[in-house]
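Numbering (the working numbering), first residue to last: 14 to 117.
Ideal Cβ placement from N, Cα and C applies to all residues, glycine included.
Because the structure is a prediction, the values reported are computed rather than measured.
Down below is the structure, laid out as structure tokens.
What follows is the structure in structure tokens.
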């Protein structure tokens, strides 16, 4: 076996490992995002429930770390952050007057 074939096989092996790790990471993010979305959706159907839920409440129900919930909620286009005075609140309902998304 030549040196080049060993280098090539090592590089291919490393790329396969990286691809598998990335695939597992993407799958875990989708699974956890879907769990968060489903919980927020079920909570929003309860009469008298608040429109916004805290990161801590979501994390507690989804059995995830608060930082992970905060990250997943921020990248999921179906979940929106409160723009009010209370930080760290999330909802499925998009605000009609969201100053962050206005152009003028």
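- Residue range 68 to 75 is occupied by the alpha helix (DSSP H) that includes residue 68.
- When C-beta atoms of the region 72 to 79 are compared with those of the region 31 to 51, three or more pairs fall below 8 Å, so the two segments count as touching.
- In the displayed model, residue 85 falls within a helix according to three-state DSSP.
- Around the beta carbon of residue 33, fewer than 16 other beta carbons lie within 10 angstroms, which makes this residue exposed.
- Taking 8 Å as the cut-off, the beta carbon of residue 53 is found closer than this to the beta carbon of residue 66.
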